[in-house]
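Chains A and B, in that order, are what the protein sequence lines are. Per the numbering used here, the first sequence starts with residue 45, numbered consecutively. Per the numbering used here, the second sequence starts with residue 173, numbered consecutively.
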Amino acid sequence: MIAAQLNLLCAAYQNVDRVGLATADPGPTGANDSGITKRTLSWSTPAAGNMTAVATFPSITGIFTHITLWDGSVFIEAIPNAINVAGTPSDVTVAVEHTVDA
Amino acid sequence: MPLFVASAAKSALTGVRHTTKASARTSIADNFETGLDHWVNVHGYLTTTNGDVSAPISLNDYSAGYHRTELLSDNQRAKVTIGSTSTGKARLIICADPDFRRYYGIEIETGIVNNKIHIIKGFSPIDVKKFNTVNQTATTGATAEVWMDWPNNTVRAYYNGSQIASLPVPAYEIQHGAGHRKTGVVMGVDWILAPGVLFESFEAWDV
């Protein structure tokens, strides 16, 4: 498949515009949300079927099990990722990468 | 009468795969102004002496501990600012498990004759093997760093921001991953007359 088509398919994922943190498995509904304000994702322009977005949760504490991805208030998917910020509040930067290949 | 002939043409399907990955990074900064509430002791107990992290003088023994915030990747780096100095040894630890059974780090050794920095591989809170030793006198206000350069499987040591030693290590020589990303210190190593250098601040971050 040509790169332009891969990029078009990749860009279709840009409806995912927010990232959150969950304290346990969110299941299919986005449950166990940490309550920490979700951060906006700004995607790079797709290239070779790949795009990335970075967001920072400023000065947070807690133990989290999943990174959650949202289209506005609609839960899309979760990615397991153990995050333990149990000491002094720290910035946590999350990098999300979406790839389409054929 | 029409003649129907079954199609013999071949077909193909297009397979498209979407993959989403996420990774996280964080950082730690502690100047011990609020004590050691955010530290977990592994051996003895860490304390502060005039604002520097230290092993307690009364114990005449080493103390080891890690910061409660665990870094989020295996490509991690830690830095201390050296506070008071005296004869002895202190260590800065990265990539550690909660019991300090395996880790990498550096040892800062100060004395009348020996003033050195060693790259270390740890096997317990106190037992280490030392590698690629360099002569370096540690002074108050200077910084010392250790970096597990994950992409290059190399442990790197820095003094005042300049690399002074490096040690290639086998991939997965020690266990990595969540639960094995503690960063911490061991103070008062080989305490005889004095505790060695103390640290006035501690930082660690995912590179």
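Note that beta-carbon positions come from the ideal geometry of N, C-alpha and C, so glycine has one too.
Flagged as an interface residue toward chain A: H190 of chain B, by a C-beta distance shorter than 7 Å. In this structure P133 of chain A is exposed. Its beta-carbon is surrounded by fewer than 16 other beta-carbon atoms within 10 angstroms. In the three-state reduction of the DSSP assignment, I229 of chain B falls in the helix class. In the three-state DSSP reduction, P323 of chain B falls in the helix class (H, G or I). For Q248 of chain B, there is no enclosing alpha helix (DSSP H); the enclosing beta strand (DSSP E) has its first and last residue at 248 to 254.
Here P72 of chain A is exposed: its Cβ has fewer than 16 other Cβ atoms, across all protein chains shown, within 10 Å.
For S103 of chain A, same chain residues with a beta-carbon under 8 Å away, outside a window of 5 residues either side, are P133, S134, D135 in chain order.
Note that the C-beta distance between G360 of chain B and S235 of chain B is below 7 Å. By the neighbour-count criterion, in which a residue is buried when 16 or more other Cβ atoms sit within 10 angstroms of its Cβ, P323 of chain B is exposed.
The contact set of D135 of chain A on chain B, defined by CB atoms closer than 8 Å, consists of T198, S199 in chain order. Between N325 of chain B and V300 of chain B, the C-beta spacing is not below 7 Å. Residue pairing of T220 of chain B in beta bridges, as defined by DSSP: B:V225. Rounded to the nearest angstrom, the gap between the Cα atoms of I123 of chain A and D77 of chain A is 13 Å. In the DSSP assignment, V306 of chain B is bridged to B:I289. Nearest in C-alpha terms to E372 of chain B, of all of B:D321, B:G333, B:A314, is B:A314. By the Cβ criterion, the segment 347 to 366 of chain B is in contact with the segment 250 to 264 of chain B, since at least three pairs of Cβ atoms, one from each stretch, lie closer than 8 Å.
Burial check for L185 of chain B: the Cβ neighbour count within 10 Å stays below 16, so the residue is exposed. CA-to-CA, the gap between D145 of chain A and V98 of chain A works out to about 21 Å. Three or more Cβ pairs closer than 8 Å define a contact, and the segment 188 to 205 of chain B falls short of that threshold against the segment 327 to 340 of chain B. The C-beta of L208 of chain B comes no closer than 7 Å to any C-beta of chain A. Ranking B:H210, B:K288, B:D224, B:W319 by CA distance to the CA of C267 of chain B puts B:W319 first.
In this structure, A47 of chain A lies away from S195 of chain B, with their beta-carbon atoms at least 7 Å apart. Per DSSP, the beta bridge partners of D145 of chain A are B:R189. For A55 of chain A, the enclosing alpha helix (DSSP H) starts and ends at 47 to 55. Chain B places a beta carbon closer than 7 Å to that of A139 of chain A, counting this residue as a contact. With a cutoff of 7 Å on beta-carbon distance, N287 of chain B and T309 of chain B are scored as near each other. Straight-line measurement puts the Cα of E281 of chain B at about 12 Å from the Cα of I254 of chain B. Interface with chain B (7 Å Cβ-Cβ cutoff): T109 of chain A is excluded.
By the neighbour-count criterion, in which a residue is buried when 16 or more other Cβ atoms sit within 10 angstroms of its Cβ, H290 of chain B is buried. No Cβ of chain A is located within less than 7 Å of the beta carbon of K354 of chain B. At least 7 Å separates the CB of A68 of chain A from every CB of chain B.
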